[in-house]
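Enquirer: Sharing a structure with you now.
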Amino acid sequence: MTELGNRLKEARLAKGLSLEDLQSITKIQKRYLIGIEEGNYSSMPGNFYVRAFVKQYAEALQLNPEEIFETYKNEIPATHNEDLPEKLSRVKTRKTVSEGSSKIFDIIPKVLIGVFIIGAAGLLYYFFVNNVGDKANDQINKENEPVKFVRSENLDKADETEKEDTEENDATKENEEEKNDEQKTVEENPVVETPKQELSAVQNSGKNSTYDLKNADKFVVKLVSTGQTWVNVKNSSGQSKFQGLLSTTGTQSTEVDLTGDTKAVIVVGRTVDTEIYVNDQKLEYAIAPADVVQQNITIQYVPKNE
98 MTELGNRLKE ARLAKGLSLE DLQSITKIQK RYLIGIEEGN YSSMPGNFYV
148 RAFVKQYAEA LQLNPEEIFE TYKNEIPATH NEDLPEKLSR VKTRKTVSEG
198 SSKIFDIIPK VLIGVFIIGA AGLLYYFFVN NVGDKANDQI NKENEPVKFV
248 RSENLDKADE TEKEDTEEND ATKENEEEKN DEQKTVEENP VVETPKQELS
298 AVQNSGKNST YDLKNADKFV VKLVSTGQTW VNVKNSSGQS KFQGLLSTTG
348 TQSTEVDLTG DTKAVIVVGR TVDTEIYVND QKLEYAIAPA DVVQQNITIQ
398 YVPKNE
């Protein structure tokens, strides 16, 4: 048994807790708790989870995790980005495949456009030959016909009809002017659009980053795991609303409604495998997950009516 394991076990026994009790509190499997107390980390998924389990074990016994990590740093393994080269290799392979396919898709539209232009030119030529030729012949025949003058016997009626048409045109112009005036009035009083939600990073340092949430009617945080990660969501009072593991093989996501709070603090154990959504808007990490795997994210909520 290591010094760390001995200290944690003594603290657990001092509080009168069994391993089964601690498993119920932390949601950590009993075999992992035994491994922590015995200093045997070989059965755990990786170094990151060793640190996450030790931190959760210490918090359950009301010990200071930072002090534990500093005191027993020689016994606790450090984390590192083990899977980054593999992911970069996958991205490169996908990019190569997509570049080969894109050349084929670039050629197809050009071929279709060429076929369309040729077809349109053929149709224009067909209509020109058939219609313009007939019209030209009709025009020649009309020019050769003698001009006939017919005296109208209803000149007075024609004058009255022309006068009525003039009055109708004047009335139509007045109606059109009234419609234009109404349209201008509508344009001068445009509808005011409701401002969209704003989620922006305002500060970041080390593994800590802060965001402002504005123009939002609610404050709902959703965490989704794309692999395996440990998360902890606290409200403005420091109360933990959710704490535990998320994975694609178990509980993949969780949603926490913080509408009544003004702040949320999210501790993400593995950012490369964690997506955060605020009111269905995806949060873009201010600190690259590949650079800092474990991050502390604070979201400050300003209600819409303030």
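So in this note's numbering, the last one in the sequence shown is 403, and the numbering has no gaps at all. For glycine and all other residues, C-beta sits at the position ideal for the given N, C-alpha and C.
Check whether the stretch 377 to 397 and the stretch 334 to 350 touch, using three or more Cβ-Cβ pairs below 8 Å as the test.
Expert: The answer is no - the stretch 334 to 350 does not touch the stretch 377 to 397, with fewer than three Cβ pairs under 8 Å.
Enquirer: Could you tell me if V188 is buried or exposed, where buried requires 16 or more neighbouring beta carbons within 10 angstroms of its beta carbon?
Expert: Start at 1 with the first residue of the sequence shown, and residue 188 comes out as number 91. Bear in mind that a pLDDT of 36 at V188, under 50, signals an unreliable position, so the number given afterwards is only what the model happens to contain. Result: exposed.
Enquirer: Whole angstroms is fine: what's the gap from Q159's alpha carbon to F339's?
Expert: Against the sequence shown, residue 159 aligns to sequence position 62. Against the sequence shown, residue 339 aligns to sequence position 242. Their Cα atoms are separated by approximately 17 Å.
Enquirer: For K189, which three-state DSSP category applies?
Expert: The residue given as residue 189 occupies position 92 in the sequence shown. Because K189 carries a pLDDT of 41, less than 50, the predicted location of this residue cannot be relied on, and no value is offered for it.
Enquirer: Taking E372 and V321 to be in contact with their CB atoms under 8 Å, please state how far apart those CB atoms are, rounded to whole angstroms.
Expert: The sequence position of residue 372 within the sequence shown is 275, counting from 1. The sequence position of residue 321 within the sequence shown is 224, counting from 1. Going by Cβ atoms, the distance from E372 to V321 rounds to 4 Å, so yes, they are a contact pair.
Enquirer: Is there contact here, the stretch 319 to 337 with the stretch 112 to 120, by at least three beta-carbon pairs under 8 Å?
Expert: No: fewer than three Cβ pairs fall under 8 Å.
Enquirer: To the nearest angstrom, how far is it from the Cα of P174 to the Cα of T168?
Expert: Translated into positions along the sequence shown, residue 174 becomes position 77. Translated into positions along the sequence shown, residue 168 becomes position 71. Approximately 13 Å between the Cα atoms of the pair.
Enquirer: What does a CB cutoff of less than 8 Å around S337 pick up in its chain, not counting 5 residues either side in sequence?
Expert: Locating residue 337 in the sequence shown gives position 240, where the first residue counts as 1. Closer than 8 Å at the Cβ level, and outside the excluded window around S337, lie N329, V330, K331.
Enquirer: If I measure Cβ to Cβ from K401 and keep anything under 7 Å in the same chain, skipping five residues before and after, which residues do I get?
Expert: Counted from its first residue, the sequence shown places residue 401 at position 304. If we look at K401 and ignore the five residues flanking it on each side, its Cβ neighbours are N312, A313, D314.
Enquirer: Give the DSSP-derived three-state secondary structure of I131 in the structure shown.
Expert: For the purposes of this step, residue 131 is taken as the residue at position 34 of the sequence shown. I131: helix per DSSP, three-state reduction.
Enquirer: Can you name, in chain order, every residue of its own chain whose Cβ lies under 8 Å from the Cβ of G324, other than the five neighbours on each side?
Expert: As a first step, residue 324 is located in the sequence shown; it is residue number 227 there, counting from the start. Excluding positions up to five away in sequence, the list reads S344, T345, R367, V369, D370.
Enquirer: Quick one: Cα of T99 to Cα of V318, how far?
Expert: Taking the first residue of the sequence shown as 1, we reach residue 99 at position 2. Taking the first residue of the sequence shown as 1, we reach residue 318 at position 221. Using only the alpha carbons, I get a separation of about 39 Å.
Enquirer: Could you say which of D377, F316, A383 lies nearest to L355 if we only look at CA atoms?
Expert: Numbered from 1 along the sequence shown, position 258 holds the residue referred to as residue 355. For L355, the nearest C-alpha among the options comes from F316.
Enquirer: Per DSSP, which residues does E264 bridge with? Please list them.
Expert: Counting from 1 along the sequence shown, the entry for residue 264 is found at position 167. Paired residues: none, contrary to the question.
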